[in-house]
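Some notes on the structure that comes next.
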Amino acid sequence: SSPAARLFWVVFLNSQTMSQEFHKWSHNPKPHPFVRWMQSNNLAISKETHMAHHSSPFEAHYCILTGVCNKALDEANLWRRLEAVIYKFNGVEPNCWKEEGGEELKAYSLSLVERSG
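Just so we're aligned, residue 2 is where the sequence shown starts under this note's numbering, counting upward by one.
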């Protein structure tokens, strides 16, 4: 395989592994000073950034590596589309559809998938 493909997989798999650790750190009430430095410099997701995901209606801020992509992915409705595709595949509703106002969010999410084919 090409060097570019190898580099992609190395970065992708390491990011996936580190995202779990960074997520754990975002829940730590007293992180190590180096972790706090990483969080304050957007190298790891901060508690403040991540806690937006744990707030009702639980429908945004899913990025757990650094949180930098949250705004763009939320505005692009990536999560709405993925929720609708998964729902169409297995019939399981995401928790945000079960919250107050969830019926409107469900209808909107499904409309995004139906429009795109």
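Yeah, the Cβ is synthetic: ideal placement off N, Cα and C, and Gly gets one too. Everything numeric in this text was worked out from a predicted model, so none of it was measured.
6 Å CB neighbourhood of Glu-84 in its chain, flanking five on each side removed: Pro-95, Ser-110
- prompt: Looking at Leu-66 and Ser-27, is the spacing between their C-beta atoms short of 7 Å?
  reply: no
message: Please identify the residue among Cys-64, Tyr-63, Ser-57 whose C-alpha is closest to the C-alpha of Cys-97.
response: Ser-57
task: Just mark Gln-40 as buried or exposed, buried being the case when its beta carbon has 16 or more other beta carbons within 10 Å.
output: buried
task: Kindly indicate which three-state DSSP category Tyr-63 falls into: helix, strand or coil?
output: coil
- prompt: CB Trp-80 to CB Tyr-63, shorter than 7 Å?
  reply: yes
- request: Could you tell me how far apart the beta carbons of Leu-106 and Glu-60 are, in whole angstroms, since I believe they sit closer than 8 Å?
  value: 6 Å
message: Just to confirm the assignment, what range does the alpha helix (DSSP H) spanning Val-11 have?
response: 4-27
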